[in-house]
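Chemist:
In our numbering, the protein residues as written are 125 to 334.
(1) Near residue 245, which residues of its chain fall below 6 Å by C-beta distance, leaving aside the five closest residues on each side in sequence?
(2) Does residue 149 pass the burial test, meaning 16 or more other C-beta atoms within 10 Å, or should it be called exposed?
(3) Would DSSP call residue 218 helix, strand or coil?
(4) I need the boundaries of the alpha helix (DSSP H) containing residue 152, first residue and last residue.
(5) Just curious, the beta strand (DSSP E) that residue 174 is in, first and last residue?
(6) So, under 8 Å CB-CB, residue 195 and residue 184 are touching, yes? Tell me the CB distance rounded to an integer number of Å.
(7) If you compare alpha carbons, which of 283, 140, 266, 178 is closest to residue 151?
(8) In its own chain, which residues sit with a C-beta less than 6 Å from the C-beta of residue 160, not counting the 5 before and 5 after it?
(9) Is the CB-CB distance between residue 263 and residue 229 below 7 Å?
(10) Let me check one thing: in DSSP terms, what residues is residue 167 bridge-paired to?
(11) When DSSP labels each residue in this structure, what does residue 206 get in the three-state scheme?
(12) Quickly, what does DSSP pair residue 195 with across the bridge? List them, please.
(13) Using the C-alpha atoms, what's the distance from residue 206 back to residue 153?
(14) Out of 233, 261, 227, 252, which one is the CA nearest neighbour of residue 282?
(15) In terms of residues, what are the limits of the alpha helix (DSSP H) holding residue 145?
(16) Nearest to residue 145 by CA position, among 261, 182, 280, is which residue?
(17) Let's test the definition: count the other Cβ atoms within 10 Å of the Cβ of residue 164 and tell me whether it reaches 16, buried, or not, exposed.
(18) Going by CA-CA distance only, name the one from 254, 140, 193 that's closest to residue 158.
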């Protein structure tokens with residue numbers, strides 16, 4: 125698929141997609157007292173020990189690295205929920221189950237920085253990878269039957285999945301648009317006149333010298 129074999133074709137690199145996912149809000153449990161933190165993107169806190177609070181993922185990772193908080197994994201990352209999602213994904217070849225738009229990037233960051241906060245971490249990681257593989261296979265299959273139109277709408281597709289299929293869909297739509305675009309009357313008349321002269325073996329007119 126476009127974007128998998130050559131990552132330079134994608135509009136965003138995997139690192140850029142992950143960077144954008146770091147603005148997603150997650151829940152942490154602080155283990156320190158700290159006043160409200162003021163950033164351009166907003167104010168977060170005050171932080172009180174054992175009192176859960178919502179912060180952006182990038183801030184949660186920074187606090188976790190300093191040993192100042194623990195993560196509360198999102199509800200969708202439980203083994204039971206991911207198992208149900210995987211079964212539903214396998215049952216339907218045309219629809220995608222609702223997941224956070226950046227579910228792959230969120231899971232990867234939590235696996236890297238908060239694995240001790242995720243119950244059954246290895247099972248959760250395996251389920252996320254299986255879900256990702258099933259959904260990518262479905263995207264490839266659905267794009268195989270792609271037909272020309274002015275837009276493509278697929279519900280519940282994630283950021284990573286959109287980034288992978290965007291180059292192919294863009295090129296396909298451009299090709300369909302170019303193929304279906306009517307030829308301007310001026311160009312059509314010019315080409316018909318030239319073809320008629322060539323059929324009658326008429327000599328070409330010399331270019332006028334300026």
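The beta-carbon is built from N, C-alpha and C at its ideal position, and this holds for glycine as well.
Modeler: Here's the rundown:
(1) These residues qualify, in order along the chain: 239.
(2) Burial call: exposed.
(3) Looking at residue 218 - three-state DSSP - the assignment turns out to be coil, as it is neither helix nor strand.
(4) That residue, residue 152, is in no alpha helix (DSSP H); its beta strand (DSSP E) goes 149–154.
(5) Annotation for residue 174: no beta strand (DSSP E) segment contains it, and DSSP assigns it neither H nor E.
(6) Rounded, the Cβ-Cβ distance is 6 Å, consistent with contact.
(7) It is 178 whose Cα lies nearest to the Cα of residue 151.
(8) Cβ within range, chain order: 167, 169, 170.
(9) A distance of 7 Å or more separates the beta carbons of residue 263 and residue 229.
(10) Beta-bridge pairing links residue 167 to 162.
(11) The answer is helix: DSSP assigns residue 206 an H, G or I state.
(12) As a beta-bridge residue in DSSP terms, residue 195 pairs with 152.
(13) Each residue's Cα considered, the two are about 23 Å apart.
(14) Ranking 233, 261, 227, 252 by Cα distance to residue 282 puts 227 first.
(15) It spans 138–145 - the alpha helix (DSSP H) in which residue 145 sits, taken as one unbroken run.
(16) Of the residues 261, 182, 280, the one whose Cα lies closest to the Cα of residue 145 is 182.
(17) Exposed.
(18) When each option's Cα is compared against that of residue 158, the closest is 193.
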